[in-house]
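In this text, residue positions in the sequence shown follow the numbering used here: the first is 204, and each later residue adds one.
Data first, discussion second: the structure below is written as structure tokens.
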Amino acid sequence: MVLSVIGMEIPKILPTYAILLVGDGLMIQQLVNHLTREIIKRGVAKKEEIPVIRYGLQMIVEITLIAFSMLAVAVIMDQTREAVAWMGTVIIIRSLKGGKHAKTFQQCYLITVGTFVTSMLVVDGIPTSQKLQLSCWICFMFILLLYVLELRMGSARIRKLRKIGFMITAGYVLAMLFFLSFQISHTTMLASLIGMIAAQASYCLKERNIIHE
Numbered sequence: 204m205v206l207s208v209i210g211m212e213i214p215k216i217l218p219t220y221a222i223l224l225v226g227d228g229l230m231i232q233q234l235v236n237h238l239t240r241e242i243i244k245r246g247v248a249k250k251e252e253i254p255v256i257r258y259g260l261q262m263i264v265e266i267t268l269i270a271f272s273m274l275a276v277a278v279i280m281d282q283t284r285e286a287v288a289w290m291g292t293v294i295i296i297r298s299l300k301g302g303k304h305a306k307t308f309q310q311c312y313l314i315t316v317g318t319f320v321t322s323m324l325v326v327d328g329i330p331t332s333q334k335l336q337l338s339c340w341i342c343f344m345f346i347l348l349l350y351v352l353e354l355r356m357g358s359a360r361i362r363k364l365r366k367i368g369f370m371i372t373a374g375y376v377l378a379m380l381f382f383l384s385f386q387i388s389h390t391t392m393l394a395s396l397i398g399m400i401a402a403q404a405s406y407c408l409k410e411r412n413i414i415h416e
């Protein structure tokens, strides 16, 4: 029921808030307040559940805004498949292994969308199949380096907690090695590789902070 209310309300007001949300954290709070009032007014949740609802709504609004911006860029650049490959890789890896978080939503938005746009520009700038193959190999070697660094940095406790993530990363590396060995390459593959670099780098930065604490 909560999701149904959000689904009905966000499309009505998000376009109005979209630009202002990025520059002003107060706009996010106003949007969250609006959605919370709608949920309480419709009897979907109780008043004592407001803190939990507000936190969840804030996460949904922030993620929706970031995803909306990236998809808009993908459509403008005519790189929908590449965008899905990049976003899918980043979401899966970060969901399983985590990563470094920005201190504010504005920082998170600029870093995430900025990295995405840069990735799409790199993919779009590869003109020939030979350069595409070389670019995929370079990205693959960088991922391999980050994976080795990740294993050296992670403690035994963290490795145990993130075992599934490590296994999926290892499977990803082997799959990409197989494709590249048979000279199979595509712009969606390059986008996914760049997304993996972003996710792995974020994880390594988080691990470095844990070690130095």
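All C-beta atoms, glycine included, are put in the ideal place defined by N, C-alpha and C.
Since this is a predicted model, take the numbers as computed values, not measurements.
DSSP-derived helix/strand/coil call for residue i
i: M290; result: helix
i: I346; result: helix
i: M280; result: coil
i: F319; result: helix
i: K303; result: coil
i: Q386; result: coil
i: K249; result: coil
i: T331; result: coil
Cutoff 6 angstroms; reference residue i; Cβ partners in own chain excluding five residues on either side
i: L260; result: V235 and L238
i: M437; result: Coverage of the chain is limited to positions 204 through 416, which leaves residue 437 absent and any answer about it impossible.
i: I296; result: A402
Neighbourhood of residue i by C-beta, 7 angstroms cutoff - its chain only, sequence neighbours within 5 removed
i: A305; result: C311 and I314
i: A350; result: Reading the sequence as shown, one finds Tyr at residue 350 and not Ala. Cβ within range, chain order: T372, V376 and Q403.
i: W420; result: The displayed coordinates of the chain run from 204 to 416. Any statement about residue 420 would go beyond what the structure contains.
8 angstroms contact criterion, which residue i and residue j should meet: CB distance rounded
i: I341; j: M399; result: Going by Cβ atoms, the distance from I341 to M399 rounds to 13 angstroms, so no, they are not a contact pair.
i: G301; j: K409; result: 6 angstroms
is_contact[residue i, chain B] using C-beta, thresh 8 angstroms
i: M273; result: Absent from the structure: chain B. Only one protein chain is present.
Q) Between the segment 386-396 and the segment 260-280, do at least 3 Cβ pairs fall closer than 8 angstroms? A) no
Q) Should the segment 263-276 be called in touch with the segment 325-339, which here means at least 3 C-beta pairs below 8 angstroms? A) no
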